[in-house]
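Colleague: To convert, count from 1 in the sequence shown and add 11; that's my numbering. Every residue gets a Cβ at the ideal spot worked out from N, C-alpha and C, and that includes glycine. Have a look at this one before I ask anything.
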Amino acid sequence: MTTDDHGQREPQREPYERDGQREPYEQPHEIPDNTAVRVALWRAMHVRVDPPPLVFEDEIGLRLADPAAGWEDRPDMDPGVTAGFRAAVVARARFVEDLLLQQVDDGVTQYVVLGAGLDTFAQRRPEIAARLRVFEIDQPGTQAWKRRRLIELGYGVPDGLRLVPVDFETAGENGEGGDDGEDREGGEGGEDWWEALTEAGFRPERPAVVACTGVTQYLGKDATAATLRRLAGLAPGSTLAMTFLLPAELLDAADRPLLEAVKPQARAAGTPFVSFYTPDEMLALARDAGFADPRHIPGTALADRYFADRTDGLRPSSGEDLLLATV
Numbered sequence: 012m013t014t015d016d017h018g019q020r021e022p023q024r025e026p027y028e029r030d031g032q033r034e035p036y037e038q039p040h041e042i043p044d045n046t047a048v049r050v051a052l053w054r055a056m057h058v059r060v061d062p063p064p065l066v067f068e069d070e071i072g073l074r075l076a077d078p079a080a081g082w083e084d085r086p087d088m089d090p091g092v093t094a095g096f097r098a099a100v101v102a103r104a105r106f107v108e109d110l111l112l113q114q115v116d117d118g119v120t121q122y123v124v125l126g127a128g129l130d131t132f133a134q135r136r137p138e139i140a141a142r143l144r145v146f147e148i149d150q151p152g153t154q155a156w157k158r159r160r161l162i163e164l165g166y167g168v169p170d171g172l173r174l175v176p177v178d179f180e181t182a183g184e185n186g187e188g189g190d191d192g193e194d195r196e197g198g199e200g201g202e203d204w205w206e207a208l209t210e211a212g213f214r215p216e217r218p219a220v221v222a223c224t225g226v227t228q229y230l231g232k233d234a235t236a237a238t239l240r241r242l243a244g245l246a247p248g249s250t251l252a253m254t255f256l257l258p259a260e261l262l263d264a265a266d267r268p269l270l271e272a273v274k275p276q277a278r279a280a281g282t283p284f285v286s287f288y289t290p291d292e293m294l295a296l297a298r299d300a301g302f303a304d305p306r307h308i309p310g311t312a313l314a315d316r317y318f319a320d321r322t323d324g325l326r327p328s329s330g331e332d333l334l335l336a337t338v
C-alpha cells in the first residue's frame, strides 16, 4: 500500500491519471513519494502566489508531478497557512544551489542528492549540470516513475544524470533493518546505497557536493549517524549540506501548533517524523562521524539572507536548520 497526495491509502499498482487517461504502472511501488510531490508543489506555489523577488524558481517539478486539476485548492497548499513551510522549502533549495554553484566554480564535478524526490536541478540548469555528474538517489519506484516522466516531457535522461535506485528500507548499513528498527526482507534495490552510488559511476577519490534535505526526520538516528560516517570518508574538498528538524521546544511559539498538526498527518500518510535534533546534537553526530569542523546554519540565517527585503511578510517557519560540513 501507498498513499495519495491527501494521505489516503491506495494500492501500489493503482493506475495513475495523465491527460485524462488511466495508465498502469510498470512495476510495484512505481509512484512518487507523497512528501516529494508536496515539496514540488510548494516550489511551484512560490512562483505562482508569492510576489517577486522570487527566492527559487521551479515549475518543472509541477510538470513532473502532473497533479489533478484543482491541486492549488488542497488544504496543504493553502497560501496563507502553509506560507512558512513553502518559504522554508525554497530557502533550503536556494542555499544548496548557491553552494553547488560556488563549488562548481572551484572545480567540483560530482553532485549527489540523497532522497532526491522530484529534484529538477539537471532540467532547470542544464548549462551547469553539463559540467557535473549528477547522482540522484531515491526509492526504486520513484526513480522508475521519474525516468518515465522525464522522457515523456522531452527532457530525457542524459548520461550526466544518474538516477540511482536504492530501497532505503532494506539498505541499512551492514544489512541492518529499516529505520523503524524492524527487520525487513531484502529485495531489488536493497543494496547498500554507497555501493549503488559507486556502481552508478561515482568516483570516491574525487570531491563532491552532497545534498540531503528533508530526509533526516524520516530516518532513525542510527541511520543518520551511519550516513554521516560514510560521507565523512569522501574525498577532501567535499561538502555536505543536510537539513534536520528541531525539537518542538526550540521552535518559535507561533510555529509549534503547526508542527503538532503536521506530525499526525505525516504518520497517517505513512511517513512519520521519527527524529528531531538540537543543533548541538547534530554537530556532535557529525564530529563523531569524522567531520573536523561541522557548522550549524540556523533557519533564521536563511531567512535573513533570502527574505530580508521582502514587504509581503513571507519568511520560513522555524524548526528546520542545516548542517554544513566539509571534508
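Give the list of continuous alpha helix (DSSP H) stretches no shorter than 4 residues that lie fully inside the region 195-255.
Modeller: 204-210, 232-243
Colleague: How long is the line joining the alpha carbons of MET88 and ARG316, rounded to whole angstroms?
Modeller: 25 Å
Colleague: Have a look at GLY281, ALA252, LYS157, LEU294 and flag the residue whose alpha-carbon is nearest the alpha-carbon of ASP109.
Modeller: ALA252
Colleague: Sorted by chain position, which residues of the same chain lie with C-beta nearer than 7 Å to GLY192's C-beta, five sequence neighbours on each side aside?
Modeller: Note that GLY192 scores a pLDDT of 34, beneath 50, so its modelled location is shaky; the value from the coordinates is reported in the next line. For GLY192, where only same-chain residues beyond five positions count, the Cβ hits under 7 Å are GLY231.
Colleague: Using the three-state DSSP reduction, which class does PHE284 fall into: helix, strand or coil?
Modeller: coil
Colleague: Starting from PRO309, follow its DSSP beta bridges and name the residues at the other end.
Modeller: Here PRO309 is not bridged, per DSSP, to any residue.
Colleague: Identify the continuous beta strand (DSSP E) that holds ARG144 and give its terminal residues.
Modeller: Annotation: the continuous beta strand (DSSP E) that includes ARG144 extends over 144-149.
Colleague: Whose C-beta lies closer than 8 Å to the C-beta of ARG326 among residues of the same chain, with five residues either side of it excluded?
Modeller: GLY95, ALA98, ALA314, PHE318
Colleague: Would you say VAL101 and ARG54 are within 8 Å of each other, going by their C-beta atoms?
Modeller: yes
Colleague: Considering only the beta carbon of each residue, do ARG135 and LEU75 sit closer than 8 Å?
Modeller: By the CB criterion at 8 Å, ARG135 and LEU75 fall outside the cutoff.
Colleague: Taking DSSP as the reference, what is the three-state secondary structure of ALA297?
Modeller: helix
Colleague: For the putative contact between LEU256 and PHE284, defined by C-beta atoms under 8 Å, what is the C-beta separation to the nearest angstrom?
Modeller: 7 Å
Colleague: Going by beta-carbon coordinates alone, are LEU143 and ARG158 separated by less than 8 Å?
Modeller: no
Colleague: State whether the region 213-223 contacts the region 113-131, with contact taken as three or more CB pairs (one from each stretch) at a distance under 8 Å.
Modeller: With the cut-off at 8 Å, the region 213-223 and the region 113-131 touch.
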